[in-house]
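Shown next, in structure tokens, is the structure this report addresses.
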Amino acid sequence: MAQSFISNKEQGFTLIELIVALALGLILVAAATQLFIGGLLSSRLQKANAEIQDSGIFGLEYMARDIRLLNYGNVVNPQLTDTTPWGGIVLTGSTATNANNINFIPKVDTNTYIPEALLSRGAGDTVSTVNNHWKGLSNIQNSSNAEVQSDQLTIQFIAPTNMTNCEGMNVLAGDLIVQRYFLRVDNNGSSQQDYALACDANTPAVSATAQPDIVNGLGDAGQIILPRIDHFHVLLGAKNAAGNFAYYTIPQYRVAAQAARDASPAVAAPRILSIQISVLARSTNNAQNKAIDPNQSFLMLDQNVHAADNRTRFLRRVYSVTIALRNAMGETI
1 MAQSFISNKE QGFTLIELIV ALALGLILVA AATQLFIGGL LSSRLQKANA
51 EIQDSGIFGL EYMARDIRLL NYGNVVNPQL TDTTPWGGIV LTGSTATNAN
101 NINFIPKVDT NTYIPEALLS RGAGDTVSTV NNHWKGLSNI QNSSNAEVQS
151 DQLTIQFIAP TNMTNCEGMN VLAGDLIVQR YFLRVDNNGS SQQDYALACD
201 ANTPAVSATA QPDIVNGLGD AGQIILPRID HFHVLLGAKN AAGNFAYYTI
251 PQYRVAAQAA RDASPAVAAP RILSIQISVL ARSTNNAQNK AIDPNQSFLM
301 LDQNVHAADN RTRFLRRVYS VTIALRNAMG ETI
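In our numbering, the protein residues as written are 1 to 333.
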């Protein structure tokens, strides 16, 4: 009897086909991974941008709102210099030997004179060793890789209405408000180099007092109004007796004002009419995005600076504002 044999061929991938399939799979996985990583880095960059914009735009405008009020209520002394009594920009304060021709007249807390480190200060001034007083903290360097100190701005004005000061305390209309803007360590930050722009205000009086003998509560840590700020810079816009307008750093203005008084014949000190403030804001986290140049330079008013740390890729951005001081533009009655 004849037998028929049916040959069943084996079916499946050849070795070459398997290798090709694996290679294609790896390419697809690599492409998907690259897309995921790219999306993650892009998301980090967008988040960093949003954080910086919140700090820079809204925080700076919050500051500017109060700075516009400086010298408000000082009707008798509208011309603002470093010797204007109760002047809106606090450049000078009373001492044991001088209580005349100065901006800040009251004593502070326990019947003491205001420390220089609580006045408006700038690069080159002597820093303080007292906690929460001006230390010139900064995370930037100049083109010579030398550290550049941040500034401190101290202002005063009479509250035009019932309002809150920068520390959130209620102030009665007609009461003196003193506010100090400076950089300090952010206690909620991840390192001792996490700085924030804080505002320190005096304690409001129980009953409104426009010209108190003693001011309490000035010189503490204040409240953070702008987190993650690497540098804070201030310029004073002033017009001299010849009608020439220029911007000065805080120390430069004091020198120019004294030079005017020492001239022969003496002339009026430059009159402060505007103020420029600039901050260098930084993102919360290292974006790790190659689109960020860690050696990038930043123009902050008259300063060209770069971050002291060039090993990480934090996103940084400069925000600046110019404020006309309307309460310093009048004429003495």
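C-beta atoms are modelled at their ideal positions from N, C-alpha and C, and glycine is treated no differently.
Model, not experiment: these values are computed from the prediction.
- Restricting attention to Asp82, Ile155 and Ala238, the CA atom closest to the CA of Ala201 is found in Ile155.
- Excluding five sequence positions before and after Asn240, the CB atoms of its chain that fall closer than 6 angstroms to its own CB belong to Pro270, given in chain order.
- Within the stretch 213–297, the runs of beta strand (DSSP E) at least 3 residues long that lie entirely inside it are, in chain order, 223–226, 229–239, 245–248 and 271–282.
- Ranked by Cα distance from Ala238, the first of Ile27, Ala64, Asp82 and Ser138 is Asp82.
- If you look at Ala64, you'll find it in the alpha helix (DSSP H) that goes Leu60 to Ile67.
- Judged by DSSP secondary structure, Val305 falls within the beta strand (DSSP E) whose first and last residues are Gln303 to Ala307.
- With distances taken between CA atoms, Pro212 lies nearest to Asn111 out of Ile323, Asn98, Val267 and Asn111.
- Around the beta-carbon of Gly73, 16 or more other beta-carbon atoms lie within 10 Å, marking it buried.
- For Ile229, the closest C-alpha among the options Asp151, Ala281 and Tyr113 is that of Ala281.
- Beta-bridge analysis with DSSP links Ser320 to Ser278.
- Here DSSP, grouped into helix, strand and coil, assigns Gln53 to helix.
- The Cβ-Cβ distance between Leu119 and Val90 falls below 8 angstroms.
- The alpha-carbon separation between Phe104 and Val185 amounts to approximately 27 angstroms.
- Between Tyr319 and Val279, the gap from beta carbon to beta carbon is short of 8 angstroms.
- Pairing Pro78 with Ile292, the inter-Cα distance amounts to about 46 angstroms.
- If you ignore the 5 residues before and after Val206, its C-beta comes within less than 8 angstroms of no other C-beta in its own chain.
- Gly174 is a Cβ neighbour of Ile158, given a cutoff of 8 angstroms.
- For the set Ala198, Ala259, Gln53 and Leu172, the Cα lying nearest the Cα of Arg317 is the one of Gln53.
- Judged by DSSP in its simplified three-state form, Val20 adopts helix.
- For Thr84, the CB contacts under 7 angstroms within the same chain, skipping 5 residues up- and downstream, are Asn77 and Asn103 in chain order.
- With fewer than three CB-CB distances shorter than 8 angstroms, the stretch 255–266 does not count as touching the stretch 213–229.
- Positions of the beta strand (DSSP E) runs, each at least 3 residues long and wholly inside the stretch 95–165, are given as 153–158 in order along the chain.
- Leu26 has its alpha-carbon roughly 14 angstroms from the corresponding atom of Glu17.
- Per the coordinates, the alpha-carbon of Ala287 lies some 15 angstroms from the alpha-carbon of Asn295.
- With a cutoff of 8 angstroms on beta-carbon distance, Ala210 and Leu172 are scored as not near each other.
- The alpha-carbon of Arg121 is positioned some 50 angstroms away from that of Gln34.
- Cβ-Cβ distances below 6 angstroms link Gly124 to Pro251 in the same chain, with the five nearest sequence neighbours on each side left out; the list follows chain order.
- In the structure shown, the three-state DSSP call for Ala208 is coil.
- For the 8 angstroms CB-CB criterion, Ser283 and Glu116 do not form a contact.
- Counting the other Cβ atoms within 10 Å of the Cβ of Lys135 gives 16 or more, which makes it buried.
- Counting every other CB atom within 10 Å of its CB across the protein chains shown gives Phe232 a total of 16 or more, marking it as buried.
- Bounds of the beta strand (DSSP E) holding Val185 are Leu176 to Val185.
- Following the DSSP letters along the chain, one finds Ala196 inside the beta strand (DSSP E) bounded by residues Tyr195 to Ala201.
- If you draw a straight line from the Cα of Asp151 to the Cα of Ile277, it is about 10 angstroms long.
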